[in-house]
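Residues in the sequence shown are numbered from 4 upward in steps of one, following the numbering used here.
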Amino acid sequence: MPLLYVDLIEGRSPEQVRVLLDAVHAAVVEAFAVPERGRAQFLTGELA
Numbered sequence: 004m005p006l007l008y009v010d011l012i013e014g015r016s017p018e019q020v021r022v023l024l025d026a027v028h029a030a031v032v033e034a035f036a037v038p039e040r041g042r043a044q045f046l047t048g049e050l051a
């Protein structure tokens with residue numbers, strides 16, 4: 004299971020953050036053929 008770190012600048016809504024994290028996860032699942040349920044993401048920065 005890949006371990007992902009995402010660092011955001013402020014100004015994104017919680018919904019925008021969720022969409023971004025979901026898209027990053029989907030790309031990793033497709034590119035590396037990891038299980039869909041194997042999700043490990045760390046978000047740093049400010050959400051809004």
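Think of the CB as a built atom: it goes at the ideal place given N, C-alpha and C, for glycine as much as any other residue.
Helix, strand or coil at residue i [DSSP, three-state]
i          : result
residue 9  : strand
residue 18 : helix
residue 34 : helix
Residues that residue i bridges to, as DSSP identifies them
i          : result
residue 45 : 8
Distance cut-off 7 angstroms: residue i Cβ against heavy atoms of the ligand GDP
i          : result
residue 21 : The model on display carries no ligand, and the ligand GDP is accordingly not part of it.
Whole-number beta carbon distance between residue j and residue i, since they are thought to touch under 8 angstroms
i          : j          : result
residue 44 : residue 11 : Actually they do not touch by this definition, with Cβ atoms about 12 angstroms apart.
residue 13 : residue 48 : 7 angstroms
residue 22 : residue 9  : Not confirmed; about 12 angstroms, so no contact.
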